[in-house]
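Everything in the sequence shown is counted per our numbering, starting at 113 for the first residue and increasing by one. Notes follow once the structure below has been shown.
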Amino acid sequence: MAEIIVNGGKQLTGEIAVQGAKNSVLPVLAGAVLCDGECVIHNCPNLSDVQSSIKILRNFGAKVSYQDNTVTVDCRSIEKYEIPESLMREMRSSVVFLGGIIGRTKRAIISNPGGCELGPRPIDLHLSALKKLGVEIYEEHGFLNCNAEKGLYGTEIHLAFPSVGATENVILTAATAKGVTVIHNAAREPEISDLADFLNSAGARIYGSGSDTIYIHGVDKLHGTTHTIIPDRIVAATYMSAAAITGSKLNLSHIMPSHMVAILHTFRESGCDISVKGKALTITAPKRLSRVPTIRSLVYPGFPTDAGPLLISMLAMAKGTTVFIENIFENRFRYINELNRLGANIKTEGKVAVIEGVNSLSGAKCVCPDLRGGAALVVAALSANGQSEIDNISHINRGYDDITGVLASVGADIKTKE
Ligand code: UD1
Numbered sequence: 113m114a115e116i117i118v119n120g121g122k123q124l125t126g127e128i129a130v131q132g133a134k135n136s137v138l139p140v141l142a143g144a145v146l147c148d149g150e151c152v153i154h155n156c157p158n159l160s161d162v163q164s165s166i167k168i169l170r171n172f173g174a175k176v177s178y179q180d181n182t183v184t185v186d187c188r189s190i191e192k193y194e195i196p197e198s199l200m201r202e203m204r205s206s207v208v209f210l211g212g213i214i215g216r217t218k219r220a221i222i223s224n225p226g227g228c229e230l231g232p233r234p235i236d237l238h239l240s241a242l243k244k245l246g247v248e249i250y251e252e253h254g255f256l257n258c259n260a261e262k263g264l265y266g267t268e269i270h271l272a273f274p275s276v277g278a279t280e281n282v283i284l285t286a287a288t289a290k291g292v293t294v295i296h297n298a299a300r301e302p303e304i305s306d307l308a309d310f311l312n313s314a315g316a317r318i319y320g321s322g323s324d325t326i327y328i329h330g331v332d333k334l335h336g337t338t339h340t341i342i343p344d345r346i347v348a349a350t351y352m353s354a355a356a357i358t359g360s361k362l363n364l365s366h367i368m369p370s371h372m373v374a375i376l377h378t379f380r381e382s383g384c385d386i387s388v389k390g391k392a393l394t395i396t397a398p399k400r401l402s403r404v405p406t407i408r409s410l411v412y413p414g415f416p417t418d419a420g421p422l423l424i425s426m427l428a429m430a431k432g433t434t435v436f437i438e439n440i441f442e443n444r445f446r447y448i449n450e451l452n453r454l455g456a457n458i459k460t461e462g463k464v465a466v467i468e469g470v471n472s473l474s475g476a477k478c479v480c481p482d483l484r485g486g487a488a489l490v491v492a493a494l495s496a497n498g499q500s501e502i503d504n505i506s507h508i509n510r511g512y513d514d515i516t517g518v519l520a521s522v523g524a525d526i527k528t529k530e
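Laid out in structure tokens, this is it:
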């Protein structure tokens, strides 16, 4: 199995162009399923999750090509409506294809995604909202058999929690339903607005994305379109943490600072100097990072749960003690044992992590438990004395386009060993 080898202690310098957002590409590709025409989607990073999405599309019968970060997809030839269990297992977020395929074929069969590495990940909110739109759902032998042959009808939906995936699935299902759908307590993440912008460019009529009330006026048909995926704010936070923990100065381009307000605030509190210019920023780390006031992960525009591991990793080397409270997922701290193998001093209890900053980290063997936890190990290894071997990196490849190549290009001693 491939691993990442890091010889820590190198300063980073130069510029990184941040990749497109994984969490936008997946719903946008699901949105392409609704379109009667060719969709050309630029800035799609080369990720295993994108490859899994392409497999799902091809399995439906779509024509898809991927070249130079552009996915070209034509879904007019779709005949099938099943997501095989193997593909659901490869990528649990494939549940977002449910709304797209229901909208197009009025049928869907998917396996129930169940738990994942971040703890139980129910889809009850998705299913109850889809039922309100007219989808009949039968659960049998771990599969969800969905049928909307009697038609999809706009309605009022109140989400008990502003779930990102549920908001996306409702938008997708309602885009070509009859009448108006209103989502109350919708997720406000930038990736939701990216999906709405994509669908609107294909002829949908979606209003209010980015706020907690979204109005979807169903249209008969969507057409082909061209769209560029927004920058990945979590990947940007990853490379910023890499700069911060190594005491470096790094330029990031292709970012959207307005999507990163909570993240930038936390970096500044740790003593980093950040100057933003348009869609680029320069981060200059202090000699020693300092602790920050308690961080609480929250829905957008609060501090994003996905950036938690990266900031915790960096704050493991700060002066003083930081408290991090994880409010979104139940089982997000599994990477912390691995960080402690590198010499960090972090204790967890329930949803709270207490990070006592240490003076140095030391290279060790460790294993990625999940995507962002794996990236957090890479960040820590960059500043650790000696060599680290990070195993089980398939998790990292789900969300980072060539993380070793990118970090090596700014001076890290890092490589992938197959
Ligand atoms: C998306 C992101 C993920 C990010 C998360 C929160 C994608 C592909 N993934 O995941 O990277 O960490 O948003 O910002 O975009 N929940 C329920 N019932 C449901 C749905 C969700 O109880 O039907 C709970 C979840 O278990 C979790 C919380 O709601 O505790 C947030 O989940 P949600 O916002 O749905 O996250 P995802 O869309 O799965």
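Using N, Cα and C, we set each Cβ at its ideal position, and we do this for glycine too. Only a predicted model underlies this, so the values are computations on that prediction, with no experimental measurement involved.
What does a CB cutoff of less than 7 Å around residue i pick up in its chain, not counting 5 residues either side in sequence?
| i | result |
| --- | --- |
| Gly263 | Gly246 and Lys290 |
| Leu489 | Tyr447, Glu450, Leu451, Cys478, Cys480 and Ile502 |
| Glu115 | Glu501, Ile502, Asp503, Ile505 and Lys529 |
| Ser387 | Leu393 and Thr394 |
| Ile190 | Val145, Phe172, Gly173, Ala174, Arg216 and Thr217 |
| Thr340 | His154 and Asn155 |
| Ser323 | Arg300 |
Closer than 8 Å by C-beta to residue i: which residues in its own chain qualify, once you throw out the five before and the five after it? Chain order, please.
| i | result |
| --- | --- |
| Gly281 | A small correction: the amino acid at residue 281 is Asn; Gly does not occupy that position in the sequence shown. Answer for Asn281: Val207, Val208, Leu210, Gly211, His238, Ala241 and Leu242, listed in chain order. |
| Ser539 | Given that the chain is displayed from residue 113 to residue 530, the structure contains no residue 539 and the question cannot be resolved. |
| Gly414 | Ala374 and Arg408 |
| Met368 | Pro302, Ile342, Pro343, Arg345 and Lys391 |
| Ile221 | Tyr193, Glu194, Ile195, Phe255, Leu256, Asn257 and Cys258 |
| Val491 | Thr350, Ser353, Ala354, Ile357, Leu422, Ser425 and Met426 |
| Val435 | Thr406, Ile407, Val464, Ala465, Val466 and Ile467 |
Hey, is residue i close to ligand 1, as in C-beta under 7 Å from one of its heavy atoms?
| i | result |
| --- | --- |
| Phe273 | yes |
| Phe436 | no |
| Ile116 | no |
| His253 | no |
| Ala299 | yes |
| His296 | no |
| Phe209 | no |
| Thr285 | no |
| Glu202 | no |
| Thr417 | yes |
| Leu196 | For clarity, residue 196 is Pro in the given sequence; the question names Leu instead. Answer for Pro196: no, Cβ out of range of ligand 1. |
| Pro234 | yes |
| Ala278 | yes |
| Asn443 | no |
| Asn135 | yes |
| Glu303 | yes |
| Ser321 | no |
| His270 | no |
| His366 | no |
| His238 | yes |
| Ile440 | yes |
| Ser205 | yes |
| Leu138 | yes |
Rounded C-beta distance between residue i and residue j? I'm assuming under 8 Å.
| i | j | result |
| --- | --- | --- |
| Asn181 | Cys156 | 5 Å |
| Arg444 | Thr406 | With 8 Å as the limit, Arg444 and Thr406 do not qualify as a contact, their Cβ atoms being about 16 Å apart. |
| Asn158 | Asp513 | 5 Å |
| Asp344 | Gly485 | No, Asp344 and Gly485 are not in contact; Cβ-Cβ is about 17 Å, not under 8 Å. |
| Thr396 | Gln123 | With a Cβ gap of about 12 Å, Thr396 and Gln123 do not count as contacting. |
| Ala465 | Ser500 | Contact doesn't hold; Cβ gap of about 21 Å is too wide. |
| Ile153 | Val183 | 5 Å |
| Thr279 | Ile295 | 6 Å |
| Ile283 | Lys244 | With 8 Å as the limit, Ile283 and Lys244 do not qualify as a contact, their Cβ atoms being about 14 Å apart. |
| Leu364 | Ile128 | 5 Å |
| Gly511 | Asp161 | 7 Å |
Checking the sheet assignment: what are the DSSP bridge partners for residue i?
| i | result |
| --- | --- |
| Ser177 | Thr184 |
| His270 | His296 |
| Glu248 | Asn259 |
| Glu450 | DSSP, once it has assigned bridges, lists no residue as partnering Glu450. |
| Pro343 | Gly132 |
| Arg408 | Ile437 |
| Cys156 | DSSP, once it has assigned bridges, lists no residue as partnering Cys156. |
| Asp148 | His335 |
| Gln499 | Asn119 |
| Gly126 | Leu362 |
Keeping to the same chain, check which residues put their C-beta closer than 6 Å to that of residue i; ignore five residues upstream and five downstream.
| i | result |
| --- | --- |
| Lys431 | Arg400, Ser402 and Gly469 |
| Asn504 | Val479 and Cys480 |
| Glu248 | Asn259 |
| Asp306 | Ser136 and Ile342 |
| Glu150 | Asp186 and Gly336 |
| Lys218 | Ala260 and Glu261 |
| Ile304 | Thr279 and Ser321 |
| Cys384 | Ala356, Ile395 and Ala397 |
| Ile326 | Ile295, Ala298 and Gly320 |
Notebook entry, point to check: Are three or more beta carbon pairs between the stretch 290 to 302 and the stretch 269 to 278 nearer than 8 Å?
Noted result: yes
Next item on the list: Inspect the CB distances between the stretch 343 to 356 and the stretch 420 to 428 and report whether three or more fall short of 8 Å.
Entry: yes
Next item on the list: Count the C-beta pairs between the stretch 139 to 152 and the stretch 307 to 316 that are closer than 8 Å, then say yes if the count reaches three, no if not.
Entry: yes
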